[in-house]
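Engineer:
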Amino acid sequence: MAQAKDMREGGCLCGAVRYRVDMTHAIHSTCHCRHCQKTHGAPFGMFTNVPVAAFTWLSRPEGEAHASRRAVRRFCKECGTPMTWEAPEYPDQQSFSSTTLDDPGGLTVAHELYTSRRLPFIAPIAGARQYETE
Numbered sequence: 001m002a003q004a005k006d007m008r009e010g011g012c013l014c015g016a017v018r019y020r021v022d023m024t025h026a027i028h029s030t031c032h033c034r035h036c037q038k039t040h041g042a043p044f045g046m047f048t049n050v051p052v053a054a055f056t057w058l059s060r061p062e063g064e065a066h067a068s069r070r071a072v073r074r075f076c077k078e079c080g081t082p083m084t085w086e087a088p089e090y091p092d093q094q095s096f097s098s099t100t101l102d103d104p105g106g107l108t109v110a111h112e113l114y115t116s117r118r119l120p121f122i123a124p125i126a127g128a129r130q131y132e133t134e
């Protein structure tokens, strides 16, 4: 019997960028690297990874940044909301900012990345696997 899909939608702060995603095989993680801290203007970025086929743009972001060779970051050109992180080394995965979901409640973080860069006032997430780098 096929597993039921967990379809959700999300978008940027101003509503110019929208997407639909099947969260059935989603994996949630935080990243404490300096790129994520600066891009998100926060102590860490929170991402959800899904198979590329599970993610559909309803209206695409026009902003694109190549701050490193590892990934392309897409953001809303109107309000600046960080939307996705796309790495050429993982072409079958789509990584998007978890908190851009219309309802991000109920997500369980599986991994914390670059914990060596975690700010001292941020505690490890209980139950999440910890990685000093990636």
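Here the sequence shown is numbered in UniProt numbering, starting from 1 and rising by one per residue.
We put the CB at the ideal spot given by N, CA and C, even for glycine.
Could you tell me the boundaries of the alpha helix (DSSP H) in which Thr39 lies?
Structural biologist: In the sequence shown, counting from the first residue as 1, residue 39 sits at position 39. That run of the alpha helix (DSSP H) goes 34 to 40.
Engineer: Excluding five sequence neighbours on each side, which residues of the same chain lie with their C-beta closer than 7 Å to the C-beta of Asp92?
Structural biologist: Position 92 of the sequence shown, counting from 1, holds the residue named residue 92. The residues are Pro51, Val52.
Engineer: Give the straight-line distance between the Cα atoms of Glu134 and Arg20, rounded to the nearest whole angstrom.
Structural biologist: Along the sequence shown, one-based indexing puts residue 134 at 134. Along the sequence shown, one-based indexing puts residue 20 at 20. Rounded to whole angstroms, Glu134 to Arg20 spans 27 Å at the Cα level.
Engineer: Roughly how many whole angstroms lie between the Cα atoms of Arg18 and Asp102?
Structural biologist: Within the sequence shown, numbered from 1, the residue matching residue 18 stands at position 18. Within the sequence shown, numbered from 1, the residue matching residue 102 stands at position 102. Cα to Cα, the separation comes out at about 10 Å.
Engineer: Who are Arg130's beta bridge partners in DSSP?
Structural biologist: Mapped onto the sequence shown, residue 130 falls at position 130. Inspection of the sequence shows that residue 130 is occupied by Gln rather than by Arg. Paired residue(s): Glu112.
Engineer: What is the rounded straight-line gap between the Cα of Arg73 and the Cα of Ser97?
Structural biologist: Reading the sequence shown from its first residue, position 73 is the one you call residue 73. Reading the sequence shown from its first residue, position 97 is the one you call residue 97. When rounded, the distance between both Cα atoms is 10 Å.
Engineer: What first and last residue would you give for the beta strand (DSSP E) that runs through His28?
Structural biologist: To locate residue 28, count along the sequence shown from 1; it is residue 28. Residues 27 to 31.
Engineer: Candidates Glu62, Cys12, Met7, His28: which alpha carbon is nearest His111's?
Structural biologist: For the purposes of this step, residue 111 is identified with residue 111 of the sequence shown, where counting begins at 1. Considering only alpha carbons, the answer is His28.
Engineer: DSSP three-state label for Arg117, please.
Structural biologist: Residue numbering aside, residue 117 sits at position 117 when the sequence shown is read from its first letter. Helix, per DSSP.
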